[in-house]
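Counting from 12, one number per residue, gives the positions in the sequence shown under the working numbering. C-beta atoms are modelled at their ideal positions from N, C-alpha and C, and glycine is treated no differently. These notes concern the structure reproduced below.
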Amino acid sequence: MSNIDFSALTFTAEQVRDLAELIRLERVEAGPFAQFHDVHTGIRYNKEIGFIGEAGLVGKTDLGCDSVADQLDIPVKKKVWEPNRFRIFLKECYKDLDDTLALYARRTGTPVSDLTGTDYLNLVEQLAGEAVQKMLWRTWLMDTDATNVGAGAGTELITAAVPVAHFNLIDGYWSQIADIVAANPTQQTVVTANATATKAEQFDDLTPALAFEYLMNATYNMPVELVRQQNKIGMITRYFANQVKKQFQTTNTHPEAYQAVKDGVDILMVNGIEFAIQDDWTEQILAYNDLGARWHLPHRAIITTKENLAYGIETESGFATFDTFFDKVTDYSYIKMLDSIDVKVLQDRLIQVIY
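What follows is the structure, encoded as structure tokens:
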């Protein structure tokens, strides 16, 4: 069957005949991923990322000619890129467009089977490109140990019936963050509503006052290394942010703290830190981290820097583009993309999370 399901439309002379007449379904737009993440190109397997620390203690009493030389003891640490190759591979047969409005987008005669360059395949490619942007945001939820809810094995985090292979590609940001805060609990502010038993309780128990308290506590509890950063950014789920906004409105404080849009993203200002409201997080957590009776951590936020949220790709010139081609032997038209990807929280001390 074709990649676009036209079965909802009745194909008659009086129905929609032009792809341009189709109205896009309401959807949450993929936000500007590169606005909050730092791209590294040319990443191949096991490429090391090196970090050099600060010099140790210096300055002792001068003992004259017999003074012992200082040892700076400058530490060096590393993380390693572990990219995994992904493939997007779509194919279309012109016959699958029979009796659909898309047949008007086909060529005629002998070239009818070649869909490359037609309005139809251009639309499929456009939609596939939007799906790639969603995939980038989905790297936050990826976990190589994740399994479907009810699988009886692994870490059951992915909504039942959702293909788990889309989440096992790499260990994503939240997976890495979980390891970081397990070793350094002070870098997490716990949202108690996340641990309640039902979906209703998870939302009812996050009151405006608590939501505001959690964010304020996080800003005060940041590691000193993060405090020193002049380019801090925050990101937060939508309901969490809305509860903070309600607290501002209830107490008639911080009227300037909520900016409707900044660079296309809603912004919440708390204690001098701009929190970008990430609807991509909200949409994907509710869709893909549905545990049945409850969601897995529906309320989340982070304070970090853009440079600390690295994503690496193999392609040197930026993200790979689609290769669209036609095979005259099989009469199929193809859309294909190959690249490798990994993400890294580069410095463990440059995060403070709330969930």
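Once you ignore the five residues that flank residue i on each side, which residues in its own chain have a CB closer than 6 Å to its CB?
i: residue 99; result: 348
i: residue 242; result: 316
i: residue 51; result: 321 and 323
i: residue 199; result: 192 and 364
i: residue 217; result: 204, 254 and 310
i: residue 353; result: 92, 93, 94, 181 and 323
i: residue 351; result: 94, 96 and 325
i: residue 167; result: 158 and 160
i: residue 186; result: 154
Can you tell me whether DSSP reads residue i as helix, strand or coil?
i: residue 106; result: helix
i: residue 203; result: helix
i: residue 345; result: strand
i: residue 288; result: strand
i: residue 335; result: strand
i: residue 167; result: strand
i: residue 132; result: helix
i: residue 296; result: helix
i: residue 158; result: strand
i: residue 59; result: strand
i: residue 191; result: helix
i: residue 100; result: strand
i: residue 217; result: coil
i: residue 140; result: helix
i: residue 227; result: helix
i: residue 153; result: coil
i: residue 11; result: This structure leaves residue 11 out entirely; the chain is present only between 12 and 366.
i: residue 180; result: coil
i: residue 122; result: helix
Quick one: what's residue i bridged to in DSSP?
i: residue 364; result: 199 and 313
i: residue 356; result: 320
i: residue 380; result: Past the edges of the chain, shown from 12 to 366, lies residue 380, and the structure says nothing about it.
i: residue 11; result: Limits of the chain in this structure are 12 at one end and 366 at the other, which puts residue 11 out of reach.
i: residue 306; result: 301
i: residue 50; result: 322
i: residue 90; result: 60
i: residue 146; result: None; residue 146 has no bridge partner.
i: residue 243; result: 316
Name the residue from the options whose alpha carbon lies nearest to the alpha carbon of residue i.
i: residue 44; options: 333, 342, 332 and 321; result: 321
i: residue 281; options: 305, 251 and 275; result: 251
i: residue 105; options: 356, 342, 366 and 354; result: 342
i: residue 277; options: 256, 296, 260 and 261; result: 256
i: residue 275; options: 289, 262, 284 and 263; result: 289
i: residue 127; options: 336, 190, 55 and 146; result: 336
i: residue 211; options: 306, 261 and 253; result: 306
i: residue 125; options: 344, 350, 366 and 351; result: 344
i: residue 326; options: 298, 47, 122 and 95; result: 95
i: residue 246; options: 115, 188, 286 and 56; result: 286
i: residue 239; options: 314, 292 and 58; result: 314
i: residue 294; options: 283, 308, 221 and 284; result: 308
i: residue 223; options: 258, 296 and 298; result: 258
Within 10 Å of its beta-carbon, does residue i have 16 or more other beta-carbons around it, so buried, or fewer, so exposed?
i: residue 174; result: exposed
i: residue 178; result: buried
i: residue 355; result: buried
i: residue 163; result: exposed
i: residue 248; result: buried
i: residue 183; result: buried
i: residue 150; result: buried
i: residue 261; result: exposed
i: residue 103; result: buried
i: residue 300; result: buried
i: residue 230; result: buried
Sorted by chain position, which residues of the same chain lie with C-beta nearer than 7 Å to residue i's C-beta, five sequence neighbours on each side aside?
i: residue 139; result: 99, 101, 333 and 346
i: residue 360; result: 234, 236 and 237
i: residue 232; result: 197, 200 and 363
i: residue 47; result: 244, 246, 287, 317 and 320
Tell me which same chain residues have a C-beta within less than 8 Å of the C-beta of residue i, skipping the five on either side of it?
i: residue 136; result: 333, 335 and 346
i: residue 129; result: 116, 117 and 118
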